[in-house]
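The structure appears right after this line, and notes come after that.
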Ligand code: FES
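Numbering (my numbering), first residue to last: 2 to 168.
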């Protein structure tokens with residue numbers, strides 16, 4: 002068997018090192034792209050998800066209307082859907098208030114009484130005014146509100162009461 006010359010050894014070791022380096026580069030590339038893809042939900046900023054509640058013309062001045070909607074939240078790789086609702090109040094069809102439908106005492110659902118022009122909570126007989134202030138009963142604060150905005154002719158709601166300052 003012939004012995005390899007110094008030049009062949011150099012060429013062979015150069016090729017071996019090149020192949021190892023290329024393999025390492027490709028591995029690093031896949032690890033970076035794949036890792037970024039799988040980890041991106043963890044560092045992506047959460048976007049505000051406004052929900053369209055329909056035309057502003059569908060609401061009557063001074064008459065609260067309960068509207069149901071679906072909230073979709075992304076939790077890393079999963080999308081979780083939940084049903085929710087809000088009481089919508091407007092006096093001019095330009096500005097809108099959206100109340101969380103849970104009483105601020107212990108969370109019972111309340112309803113609008115059109116005769117008395119008040120929200121009534123049946124659990125401990127609390128009453129709230131049309132603008133959400135406590136009239137009577139044990140609730141410690143006014144009704145909680147969702148942020149709202151009007152886009153074109155549509156009423157939008159952000160289903161997160163923590164974003165709206167408590168009144
Ligand atoms: S839960 Fe509404 S008054 Fe107690």
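Glycine included, C-beta positions come from ideal geometry on N, C-alpha and C. Given the structure is predicted, the values throughout are model-derived calculations rather than measurements.
Query raised in the report: From residue 66 to residue 115, what does the alpha carbon distance come to, in whole angstroms?
Result: In the chain shown, the residue the question calls residue 66 occupies position 65. In the chain shown, the residue the question calls residue 115 occupies position 114. Going by the C-alpha atoms only, they are around 11 Å apart.
**Report entry** The beta strand (DSSP E) enclosing residue 60, as first and last residue numbers
**Finding:** Taking the chain shown and counting its residues from 1, one reaches residue 60 at position 59. In the DSSP assignment, residue 60 falls outside any beta strand (DSSP E) and carries neither an H nor an E.
Query - Rounded distance between the beta-carbons of residue 139 and residue 72, thought under 8 Å - result: The residue you call residue 72 lines up with position 71 of the chain shown. The residue you call residue 139 lines up with position 138 of the chain shown. Taking C-beta atoms under 8 Å as the contact rule, residue 72 and residue 139 fail to qualify, at a distance of about 28 Å.
Query - Beta-carbon gap between residue 101 and residue 162 smaller than 8 Å - result: Within the chain shown, residue 101 is the residue found at index 100, counting from 1. Within the chain shown, residue 162 is the residue found at index 161, counting from 1. Yes; because the gap between Cβ atoms is below 8 Å, this pair is in contact.
Requested in this report: Given a cut-off of 8 Å, decide if residue 129 and residue 91 are closer than it, judged by their beta-carbon atoms.
Outcome: Along the chain shown, read from residue 1 onward, the residue named residue 91 stands at position 90. Along the chain shown, read from residue 1 onward, the residue named residue 129 stands at position 128. No. Outside cutoff.
Requested in this report: Name the two residues that bound the continuous beta strand (DSSP E) containing residue 68.
Outcome: The sequence position of residue 68 within the chain shown is 67, counting from 1. Segment 66-76, the beta strand (DSSP E) holding residue 68.
Query raised in the report: Quick one: what's got a C-beta closer than 8 Å to residue 58's C-beta in the same chain, skipping five residues either side?
Result: Against the chain shown, residue 58 aligns to sequence position 57. Hits under 8 Å: 94 and 154.
Report task. Measure the C-alpha to C-alpha separation of residue 69 and residue 56 and round it to an integer number of angstroms. Result -> If you number the chain shown from 1, residue 69 lands on position 68. If you number the chain shown from 1, residue 56 lands on position 55. Their Cα atoms are separated by approximately 14 Å.
Query raised in the report: Taking the alpha-carbon positions, what's the residue 84 to residue 123 distance?
Result: For this step, residue 84 is matched to residue 83 along the chain shown. For this step, residue 123 is matched to residue 122 along the chain shown. Straight-line measurement puts the Cα of residue 123 at about 22 Å from the Cα of residue 84.
Report task. Keeping to the same chain, check which residues put their C-beta closer than 7 Å to that of residue 125; ignore five residues upstream and five downstream. Result -> For the purposes of this step, residue 125 is taken as the residue at position 124 of the chain shown. Excluding residues within five positions, the ones whose Cβ falls inside 7 Å are 106, 138 and 139.
Query raised in the report: Does the beta carbon of residue 101 come closer than 8 Å to any beta carbon on chain B?
Result: The chain inventory of the structure shown lacks chain B, comprising one protein chain alone.
**Report entry** Any non-hydrogen atom of ligand 1 within 7 Å of residue 139 CB
**Finding:** Here residue 139 refers to the residue found at position 138 when the chain shown is read from its first residue. Yes; taking the cut-off as 7 Å, the Cβ of residue 139 has a heavy atom of ligand 1 nearer than that.
Query - Sequence-distant residues of the same chain with beta carbon closer than 7 Å to residue 104, five excluded per side - result: In the chain shown, residue 104 corresponds to position 103, counting from 1. Sequence-distant partners of residue 104 (beyond 5 residues in either direction) whose C-beta falls short of 7 Å from its own C-beta, in its chain, are 111, 122, 124, 127 and 140.
Query raised in the report: Sorry if obvious, but does the Cβ on residue 107 come closer than 7 Å to a heavy atom of ligand 1?
Result: Taking the first residue of the chain shown as 1, we reach residue 107 at position 106. Checking the Cβ of residue 107 against ligand 1 gives yes.
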